[in-house]
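Shown next, in structure tokens, is the structure this report addresses.
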Amino acid sequence: MSALQLKPLPVKFQFTRDDKTLDKLPDLILGAGIFNYQYHENPQGLPAATILSRAFDLGIRALDTSAYYGPSEEIVGAALASIRDAYPRDSYYICTKAGRVAENEFDYSPASIRRSVLRSLERFNTDYLDVIYLHDVEFVETELALQAIAELFKLKAEGRVKHVGLSGFPVDYIYKLAVKVRETLGQPLDIVLSYSNFCLQNTLLQSYTDKFFADAKLQVLVNASPLSMGLLRKQGPHAFHPASPEITKAVADAAAYTESQGVDISSLAIRFSLSHWTGPTVIGLSSVAEVENAISGYWEAQQAREKDQPLVDEVIKILGDQYNKTWPSGIPHDL
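Just so you know, the UniProt record's numbering puts 150 at position 150 of the sequence shown, and the rest follows in order with no gaps.
Rendered as structure tokens:
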């Protein structure tokens, strides 16, 4: 499908700050964590402004990143500044994260959380963030997470952020913490981001969706990483991926099978997530071609669900006991 034939995602909001409510987030969110050394040797060399322009043209009017993702915020901030005449600040959503400092370093102190948000505002050349998540909550004690979220609620009351959420991997813990926030702090989180938990290898998030809305009173539940951080690709995961050898081997076997059927497992995985998930999905996009492929994949997914099902069933069979298997993440919590 050529670029000229691509059908954009519908833009659900008016280009004003007040109209950018969470229910109007696009179905696809650009994962800007890809502008990071984990994924690219020289992320500064990526054509960020061109990528963002094309994404915005095609209706992907939201981006997701973090203060933890190396130079991502600075790269994206500079790119947004360079295209501001065409795409003013109120024409897209900025979602970022605070609290994770380095691979093995977290600072959830209220002062540090506030500094992180103010630094993000400066990097993005804006006076507000649409969404701020407390990053990777499973690595820090529950009480510290509650203190950090209380500070984020203060920043929301000040108008510096519009919506407050948390992100993490272990679904059961992030659900319980979201409920604890409502019970302890007297107001609910607006949004939660879970990654790698609604994908071709693992659909655990689906069994918690109703509970998040009913018990934690969320507005939106975001699914990130439909490729499970690169696990679901024929060349295998990146070196940093935490999946066990057993999961990796099972996925490799599934990838070989789909390849034998003329289907790339990454394409199948993206179609699966987009056709089955009912909320926004974050996908890392590091080129214009990837942006365009994501859009064409989105529309194909709406038509391909029934056609793909036999292949999906066979993949699940090949995964066997590694289907819905996860990996350890974080510290123990008594919650």
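Heads up, the beta-carbon is just placed ideally off N, CA and C, and yes, glycines get one too.
Judging by CA-CA distance, which residue of L46, A55, P332, S116 is the nearest neighbour of P10?
For this step, residue 10 is matched to residue 10 along the sequence shown. Closest option to P10, Cα to Cα, is A55.
For V263, the first and last residue of its enclosing beta strand (DSSP E):
If you number the sequence shown from 1, residue 263 lands on position 263. Here V263 belongs to no beta strand (DSSP E), and DSSP marks it neither H nor E.
According to DSSP, what are the bridge partners of residue 420?
Residue coverage of the chain in this structure runs from 1 to 335, which leaves residue 420 outside it and unanswerable.
Round the Cβ separation of I94 and L129 to the nearest angstrom and send it over; I've been treating them as touching at under 8 Å.
Here residue 94 refers to the residue found at position 94 when the sequence shown is read from its first residue. Here residue 129 refers to the residue found at position 129 when the sequence shown is read from its first residue. I94 to L129, Cβ: 5 Å. Contact.
Near T50, which residues of its chain fall below 8 Å by C-beta distance, leaving aside the five closest residues on each side in sequence?
Residue numbering aside, residue 50 sits at position 50 when the sequence shown is read from its first letter. Excluding residues up to 5 positions away in sequence, V288 lie with their Cβ nearer than 8 Å to the Cβ of T50 in the same chain.
On the three-state DSSP scale, how would you describe H163?
Sequence index remark: in the sequence shown, residue 163 carries index 163 (1-based). Looking at H163 - three-state DSSP - the assignment turns out to be strand.
Ends of the beta strand (DSSP E) at S194?
Taking the first residue of the sequence shown as position 1, residue 194 is located at position 194. Run containing S194: 191-195, per the beta strand (DSSP E) assignment.
If you run the structure through DSSP and keep just helix, strand and coil, what is A3?
Here the question's residue 3 lines up with position 3 in the sequence shown. Per-residue confidence for A3 stands at a pLDDT of 46, beneath the threshold of 50, marking its modelled position as unreliable; no derived number is given.
Please classify I132: does DSSP put it in a helix, a strand, or coil?
Here residue 132 is taken as the residue at index 132 of the sequence shown, counted from 1. Note: I132 maps to strand in three-state DSSP.
Spatial neighbours of L285 in its chain, beta-carbon cut-off 7 Å, leaving aside the 5 residues before and after
Taking the first residue of the sequence shown as position 1, residue 285 is located at position 285. For L285, where only same-chain residues beyond five positions count, the Cβ hits under 7 Å are L30, G31, I34, I51, A55, V291, A294.
C-alpha gap between T248 and P237, whole angstroms
In the sequence shown, counting from the first residue as 1, residue 248 sits at position 248. In the sequence shown, counting from the first residue as 1, residue 237 sits at position 237. When rounded, the separation of the alpha-carbon atoms in T248 and P237 is 8 Å.
Once DSSP output is grouped into helix, strand and coil, what is the label at G31?
For the purposes of this step, residue 31 is taken as the residue at position 31 of the sequence shown. It is a strand residue.
Provide the residue(s) that pair with V220 in DSSP beta bridges, ordered along the chain.
For this step, residue 220 is matched to residue 220 along the sequence shown. V220 is bridged by DSSP to I191.
Status (buried if at least 16 other CB within 10 Å, exposed otherwise) for S324
Taking the first residue of the sequence shown as position 1, residue 324 is located at position 324. Sequence inspection shows Asn at residue 324; the Ser mentioned does not correspond to that position. That one is exposed.
Hey, out of F15, S225, V315, whose CA is closest to A255's CA?
The count along the sequence shown starts at 1 and reaches residue 255 at position 255. Answer by Cα proximity: V315.
Please determine whether the Cβ atom of D19 lies at a distance below 8 Å from any heavy atom of the ligand PLP.
This structure simply doesn't include the ligand PLP, nor any ligand for that matter.
Mapping DSSP to helix, strand and coil, what is G45?
Along the sequence shown, read from residue 1 onward, the residue named residue 45 stands at position 45. In the structure shown, G45 sits in a helix (DSSP, three-state: H, G or I).
Collapsed DSSP secondary structure at A67 in the structure displayed
Indexing the sequence shown from 1 puts residue 67 at position 67. In this structure, A67 counts as coil in the three-state DSSP scheme.
Label G159 either buried or exposed according to how many other C-beta atoms from any shown protein chain fall within 10 Å of its C-beta, with 16 as the threshold for buried.
Here residue 159 refers to the residue found at position 159 when the sequence shown is read from its first residue. Classification of G159: exposed, given that the 10 Å Cβ count is below 16.
Taking the alpha carbon of P328 as the point to measure from, which residue in V312, D172, L268 has its own alpha carbon closest?
Within the sequence shown, residue 328 is the residue found at index 328, counting from 1. The option with the nearest alpha carbon to P328 is D172.
Extent of the continuous beta strand (DSSP E) run through I283
Position 283 of the sequence shown holds residue 283. Per DSSP, the continuous beta strand (DSSP E) segment holding I283 begins and ends at 281-284.
Mapping DSSP to helix, strand and coil, what is residue 336?
An answer regarding residue 336 cannot be provided, because it is not within the stretch 1 to 335 covered by the chain.
Nearest-angstrom beta carbon gap, T142 and H333 [assumed within contact, 8 Å]:
Start at 1 with the first residue of the sequence shown, and residue 333 comes out as number 333. Start at 1 with the first residue of the sequence shown, and residue 142 comes out as number 142. The Cβ separation is near 6 Å, so the contact holds.
Pairing CB atoms from the segment 223-240 with CB atoms from the segment 268-282, are three or more of them under 8 Å?
Because the criterion of three Cβ pairs below 8 Å is met, the segment 223-240 and the segment 268-282 touch.
Just to confirm, are G165 and V140 a CB contact at a threshold of 9 Å?
As a working note, residue 165 is residue 165 in the sequence shown. As a working note, residue 140 is residue 140 in the sequence shown. Taking 9 Å as the Cβ cut-off, G165 and V140 do not qualify as a contacting pair.
May I have the straight-line CA-CA distance separating N104 from S194, to the nearest angstrom?
For the purposes of this step, residue 104 is taken as residue 104 along the sequence shown, with counting starting at 1. For the purposes of this step, residue 194 is taken as residue 194 along the sequence shown, with counting starting at 1. Taking the straight line from one Cα to the other gives about 20 Å.
With C-beta atoms as the reference, is V192 less than 9 Å away from L155?
Indexing the sequence shown from 1 puts residue 192 at position 192. Indexing the sequence shown from 1 puts residue 155 at position 155. Here V192 is not near L155, since their CB atoms are 9 Å or more apart.
Pick helix, strand or coil for I60, following the three-state DSSP scheme.
Mapped onto the sequence shown, residue 60 falls at position 60. In the three-state reduction of the DSSP assignment, I60 falls in the coil class, being assigned neither a helical nor a strand state.
Using 9 Å as the threshold, is the C-beta distance between S260 and L227 below it?
The sequence position of residue 260 within the sequence shown is 260, counting from 1. The sequence position of residue 227 within the sequence shown is 227, counting from 1. Taking 9 Å as the cut-off, the beta carbon of S260 is found no closer than this to the beta carbon of L227.
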